[in-house]
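Undergrad: Chains as they are written, first to last, in the numbering used here: chain A, 1375 to 1944; chain B, 110 to 289.
Even glycine gets a Cβ: it sits at the ideal position worked out from N, Cα and C.
Just so we're clear, the structure is a prediction, and the values are computed from it rather than from any experiment.
Before I ask anything, let me first share the structure, which is written out below as structure tokens.
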């Protein structure tokens, strides 16, 4: 059967199980859009190509499948760069398809020509130019396989316009992926494995560091059995949240820069760290010279390049988390860590008094209140998509996730503007799930044009803007480390509720704590998108905080005295 | 200094991916040579990098993550044979020519071009040997030099062969997609 390259692309995407494509048309991708119109694929028209990549990313993270974004050549392609880097840092399987000028004029600075494969080389797992119609099908299959296998990541496929227009024989069976033969490494080094088992069975104060890799590997069950077998307390990375239920007594909460104090203290006192599918990011470790000094370390990780990258480990088990955990669990003999767990519980006590939820209600609205109420109202079952900054950390602290893939956030790259488009993608992946965007007033203004996408697609998501009139996290750093010189952090925002109305979306503005729950309830009852502008305390900070480069033991704690309150009464 | 050998797909852009990776890791490359193997689809690289063992591990592991890299291996600690080749154009007049010829003989180099005012000397061997010759030639006046960079091979039965398609199988193909 002879088809054009564009038709082959659409047919291949359909056969690969794609339902939605997030994209934006343009000259160099027009043949594909013409073919899209004749296919069963649903195209979601975004308002900016960055939004398309975040939507594909949100789709991938919520579903565990692959998200697809599409754009034209030149500026369409370069607008994708931030979204691609975001997916790369968080190992998210996204396939980006870009149009390219015809192969005859490649390299001639043609209109809207840009070397997008050159630009994205360091931020993709792989990228490729397709200049012939007959290469479209197998290249796309290879792209999907690469994006989703091993440690996942984004793949960009750049297709020249003439390859889209030319005809070629389409034969799905004959276009199986043809990847270069790879050396298979022996990942199961018995010496390392035996050493790990010995460490597990002799540790007195073990703690698990649970990361995103557990979810990527689909190792939740194997992980739970491992935890139960050794009765290990579990600390989570930001992206690990959800891989183990928050309501389990062994789940301590988040570690790192804004991790719970008892978690960081427990890590510093531990004699064994069992790191699973995490990469010892600087936000997790703080100063490496003082990090978990008395602990031996086991690292279970699929990516060999992560071993000994930041933290030198005593046993490296390279491989898929589920496979490694399933091999380890039957060999665990020691499971009585009750003294150690009791000690961690004692550490916890001090934090409870400092918790903002325990402060007397002054009538002022704190972000933590909003997120805590949202957690209670949704019984922790919503998919929460957060942006980057203070609200992101408060969400991680106060929204307790019991199920995997229910917290979607940009961890590694810390991309502001991620939340709104990623939530749209998540909603397409999980149409029956309740999806909430938790976003700051800064990040929201970066990609709020996607409100129009929500309206055009008639989808139902809820948007909670944690509005403190500042670029809050930067303001917090200025407060702590720059003597409160708030340079370029106070920011003016539009009336978000009125803005929502202009898009045809219901908007609310909340200034008092008593209004939070009723408004959340009413928003949840609506079958349409609702935006709520929560005007929260302006100069609240996220506690505890480990300053960048400081030791994990050296935390800035929430002052015991109530804060100076700055929110203006309406 | 660390020596790595990589087998890569013999196609455009691969060299860029490899060198770009070293740049990202802030590893300075001392020498990088690429040449075809007996299989025309596969090229072999010898990479000599200014880094320590830990940096070499990262480079090796990161290289193997590239789709177009079939195998990468740090061979620094193994028994190696290494060769570099240089063409050195040195000024030579009637007076010093006999002296030069003697030195060339000692270094087992050879003269490959003779002109009234200069000679081109070809020398191959270890980096130390070539550096040694260069040192003694310098007083005569080195006019130009071109070096190939180092190629390395492990000695004896210590084989480092490219994986063959079908036999070991691609890591990706055998693992398959892990997306649920």
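Can you list, in chain order, the residues of the stretch 1546–1558 of chain A whose Cβ is nearer than 8 Å to any Cβ on chain B?
TA: Residues 1551, 1553, 1554, 1555, 1556, 1557, 1558.
Undergrad: Considering Cα atoms alone, identify which of 1500(A), 1472(A), 1498(A) is closest to residue 1488(A).
TA: As a working note, residue 1488(A) is residue 114 in the first chain. Closest option to residue 1488(A), Cα to Cα, is 1472(A).
Undergrad: Mind pulling the chain B residues with CB within less than 9 Å of residue 1682(A)?
TA: Residue numbering aside, residue 1682(A) sits at position 308 when the first chain is read from its first letter. Neighbours of residue 1682(A) on chain B, chain order: 163, 166, 167.
Undergrad: Taking just the CA atoms, how far does residue 1465(A) sit from residue 1474(A)?
TA: Numbered from 1 along the first chain, position 100 holds the residue referred to as residue 1474(A). Numbered from 1 along the first chain, position 91 holds the residue referred to as residue 1465(A). Roughly 26 Å separates the two Cα atoms.
Undergrad: When you compare only the Cα positions, how much space is there between residue 1503(A) and residue 1534(A)?
TA: Walking along the first chain from the start, residue 1503(A) turns up at place 129. Walking along the first chain from the start, residue 1534(A) turns up at place 160. Distance between the alpha carbons of residue 1503(A) and residue 1534(A) is about 8 Å.
Undergrad: State the CB to CB distance for the pair residue 1462(A) and residue 1397(A), rounded to an integer number of angstroms; the pair is presumed to be in contact (CB under 8 Å).
TA: Here the question's residue 1462(A) lines up with position 88 in the first chain. Here the question's residue 1397(A) lines up with position 23 in the first chain. Between residue 1397(A) and residue 1462(A) the Cβ distance is about 19 Å, and since that is not below 8 Å, they are no contact.
Undergrad: Please list, in chain order, all residues of the same chain as residue 1722(A) whose beta carbon is under 7 Å from its beta carbon, the five residues on each side excluded.
TA: Looking up residue 1722(A) in the first chain gives position 348. Closer than 7 Å at Cβ, skipping near neighbours: 1636.
Undergrad: Any chance the stretch 1643–1658 of chain A sits against the stretch 1602–1617 of chain A, with 3 or more Cβ pairs inside 8 Å?
TA: Segments in contact, yes.
Undergrad: Any idea what DSSP makes of residue 1667(A), helix, strand or coil?
TA: Translated into positions along the first chain, residue 1667(A) becomes position 293. Note: residue 1667(A) maps to coil in three-state DSSP.
Undergrad: If you draw a straight line from the C-alpha of residue 1833(A) to the C-alpha of residue 1905(A), how long is it?
TA: Counting from one through the first chain, the residue named residue 1833(A) turns up at place 459. Counting from one through the first chain, the residue named residue 1905(A) turns up at place 531. Taking the straight line from one Cα to the other gives about 13 Å.
Undergrad: Give the residues from the stretch 1475–1505 of chain A that approach chain B closer than 7 Å (Cβ to any Cβ), ordered along the chain.
TA: Under the 7 Å Cβ criterion, the stretch 1475–1505 of chain A contributes 1495, 1496, 1500.
Undergrad: First and last residue of the beta strand (DSSP E) that includes residue 1690(A)?
TA: The residue you call residue 1690(A) lines up with position 316 of the first chain. That run of the beta strand (DSSP E) goes 1689–1692.
Undergrad: Taking 8 Å as the threshold (beta carbon to beta carbon), is residue 1716(A) in contact with chain B?
TA: Position 342 of the first chain holds residue 1716(A). With 8 Å as the cut-off, residue 1716(A) does not count as an interface residue toward chain B.
Undergrad: Whose Cβ in chain A lies nearer than 7 Å to the Cβ of residue 171(B)?
TA: Here residue 171(B) refers to the residue found at position 62 when the second chain is read from its first residue. By Cβ distance, chain A contributes 1679.
Undergrad: In chain A, what lies closer than 7 Å to residue 198(B) by C-beta?
TA: The residue labelled residue 198(B) in the question sits at position 89 within the second chain. The contacting residues do not exist; residue 198(B) stays about 36 Å from chain A at best.
Undergrad: Tell me the start and end of each unbroken alpha helix (DSSP H) in the stretch 1606–1651 of chain A that is at least 4 residues and wholly inside, in chain order.
TA: List check, alpha helix (DSSP H) in window: 1635–1643.
Undergrad: Have a look at residue 1897(A) and residue 1430(A) and give me their C-alpha separation to the nearest angstrom.
TA: Your numbering for residue 1897(A) matches position 523 in the first chain. Your numbering for residue 1430(A) matches position 56 in the first chain. Going from the Cα of residue 1897(A) to the Cα of residue 1430(A) covers about 26 Å.
Undergrad: According to DSSP, is residue 120(B) part of a helix, a strand, or is it coil?
TA: Indexing the second chain from 1 puts residue 120(B) at position 11. In this structure, residue 120(B) counts as coil in the three-state DSSP scheme.
Undergrad: Round the Cβ separation of residue 1375(A) and residue 1544(A) to the nearest angstrom and send it over; I've been treating them as touching at under 8 Å.
TA: Taking the first residue of the first chain as position 1, residue 1375(A) is located at position 1. Taking the first residue of the first chain as position 1, residue 1544(A) is located at position 170. 5 Å between Cβ atoms; contact.
Undergrad: Beta carbons nearer than 9 Å to chain A: which residues of the stretch 173–206 of chain B have them?
TA: The residues in question are 173, 174, 175, 176, 177, 178, 179, 180, 181, 182.
Undergrad: Using C-beta distances below 6 Å, list every residue in its chain close to residue 290(B), excluding the 5 sequence neighbours before and after it, in chain order.
TA: A question about residue 290(B) goes unanswered here, because the residues of chain B that appear run from 110 up to 289.
Undergrad: To the nearest angstrom, report how far apart residue 118(B) and residue 1675(A) are at their CA atoms.
TA: Along the second chain, read from residue 1 onward, the residue named residue 118(B) stands at position 9. Along the first chain, read from residue 1 onward, the residue named residue 1675(A) stands at position 301. If I take the Cα positions, the gap works out to 27 Å.
Undergrad: Does the distance from the CB of residue 1436(A) to the CB of residue 1836(A) come in under 8 Å?
TA: Along the first chain, read from residue 1 onward, the residue named residue 1436(A) stands at position 62. Along the first chain, read from residue 1 onward, the residue named residue 1836(A) stands at position 462. The answer is no: Cβ separation not under 8 Å.
Undergrad: For residue 1828(A) versus residue 1903(A), is the C-beta distance shorter than 8 Å?
TA: Working through the first chain from its first residue, we reach residue 1828(A) at position 454. Working through the first chain from its first residue, we reach residue 1903(A) at position 529. Yes, the Cβ-Cβ distance between residue 1828(A) and residue 1903(A) is below 8 Å.
Undergrad: Is the separation between the beta-carbon of residue 1813(A) and that of residue 1747(A) shorter than 8 Å?
TA: Position 439 of the first chain, counted from the first residue, corresponds to residue 1813(A). Position 373 of the first chain, counted from the first residue, corresponds to residue 1747(A). Not a contact, by the Cβ cut-off of 8 Å.
Undergrad: Taking the alpha-carbon positions, what's the residue 1729(A) to residue 1922(A) distance?
TA: Taking the first chain and counting its residues from 1, the one referred to as residue 1729(A) is at position 355. Taking the first chain and counting its residues from 1, the one referred to as residue 1922(A) is at position 548. About 23 Å.
Undergrad: Going by alpha carbons, who is nearest to residue 302(B) out of 130(B), 255(B), 161(B)?
TA: No answer is possible for residue 302(B): the residues shown for chain B start at 110 and end at 289.
Undergrad: If we ignore side chains and look at the alpha-carbon of each, how far apart do residue 1670(A) and residue 147(B) end up?
TA: As a working note, residue 1670(A) is residue 296 in the first chain. As a working note, residue 147(B) is residue 38 in the second chain. If you take the alpha carbons of residue 1670(A) and residue 147(B), they lie about 47 Å apart.
Undergrad: Answer with buried or exposed for residue 186(B), where buried requires no fewer than 16 other C-beta atoms within 10 angstroms of its C-beta.
TA: If you number the second chain from 1, residue 186(B) lands on position 77. When all chains shown are included, residue 186(B) counts as exposed.
Undergrad: Could you work out which residues of chain A lie near residue 129(B), taking near to mean beta carbons separated by less than 8 Å?
TA: Here residue 129(B) corresponds to residue number 20 of the second chain, with the count starting at 1. Under the 8 Å cutoff, chain A gives 1495, 1496.
Undergrad: Mind checking whether residue 1868(A) and residue 1425(A) have CB atoms under 8 Å apart?
TA: The count along the first chain starts at 1 and reaches residue 1868(A) at position 494. The count along the first chain starts at 1 and reaches residue 1425(A) at position 51. Cβ atoms of residue 1868(A) and residue 1425(A): not closer than 8 Å.
Undergrad: How many whole angstroms separate the CB atoms of residue 1965(A) and residue 1778(A), which I take to be in contact at a CB cut-off of 8 Å?
TA: The structure shown has nothing for residue 1965(A), since chain A only spans 1375 to 1944.
Undergrad: Which one or two residues does DSSP pair with residue 1580(A) in a beta bridge?
TA: One-based indexing of the first chain puts residue 1580(A) at position 206. Answer is 1646(A).
Undergrad: I need the boundaries of the alpha helix (DSSP H) containing residue 1875(A), first residue and last residue.
TA: In the first chain, the residue the question calls residue 1875(A) occupies position 501. Start and end: 1870–1877.
Undergrad: May I ask which residues mark the beginning and end of the alpha helix (DSSP H) holding residue 240(B)?
TA: Position 131 of the second chain, counting from 1, holds the residue named residue 240(B). Start and end: 236–246.
Undergrad: Is it the case that the Cβ atoms of residue 1890(A) and residue 1744(A) are separated by a distance below 8 Å?
TA: Within the first chain, residue 1890(A) is the residue found at index 516, counting from 1. Within the first chain, residue 1744(A) is the residue found at index 370, counting from 1. Yes, Cβ-Cβ distance for residue 1890(A) and residue 1744(A) is below 8 Å.
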